[in-house]
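Notes for the one structure printed next.
Encoded structure:
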């Protein structure tokens with residue numbers, strides 16, 4: 001189970017398996033505000049309490065599960081990083 005290993009070991013194993021299967025791992029920066037950013041309009045909230053499970057955007061009115069919102073933002077950031085790597 002994932003709770004039986006450290007994060008560094010999990011990442012090491014993930015990188016090993018990705019390399020084995022010819023896949024690439026893209027690391028989104030640790031402090032990228034994925035939870036605070038609206039996946040619809042890009043507005044970034046100044047604060048967001050952990051207890052707020054539904055993300056509500058004051059700009060566009062989007063209401064979405066905060067983890068789902070963050071996952072959309074992480075996917076987009078990862079694709080952006082990948083695109084920048086291909087251009088360089």
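In UniProt numbering, the protein residues as written are 1 to 88.
Note that CB positions come from ideal geometry on N, CA and C, so glycine has one too.
Whole beta strand (DSSP E) elements within the UniProt domain "Cas12f1-like TNB" (7-74), 3-residue minimum | 54-56, 63-65
Please name the residue, chosen from 13, 40, 10, 4, that lies closest to residue 60 on a Cα-to-Cα basis.
-> As a working mapping, residue 60 is identified with position 60 in the chain shown. Among 13, 40, 10, 4, the Cα nearest to that of residue 60 belongs to 40.
Within the same chain, show all residues whose beta-carbon is closer than 7 Å to that of residue 72, passing over the 5 residues directly before and after it, in chain order.
-> Along the chain shown, one-based indexing puts residue 72 at 72. 39.
Cα-Cα separation between residue 24 and residue 65, rounded to whole angstroms | Residue numbering aside, residue 24 sits at position 24 when the chain shown is read from its first letter. Residue numbering aside, residue 65 sits at position 65 when the chain shown is read from its first letter. C-alpha separation (whole angstroms): 28 Å.
Using a threshold of 8 Å, state whether the C-beta atoms of residue 33 and residue 44 are closer than that.
-> The residue you call residue 33 lines up with position 33 of the chain shown. The residue you call residue 44 lines up with position 44 of the chain shown. Yes, Cβ-Cβ distance for residue 33 and residue 44 is below 8 Å.
Exposed or buried, residue 46, counting other C-beta atoms within 10 Å across all chains shown (16 or more means buried)?
-> Taking the first residue of the chain shown as position 1, residue 46 is located at position 46. Classification for residue 46: exposed.
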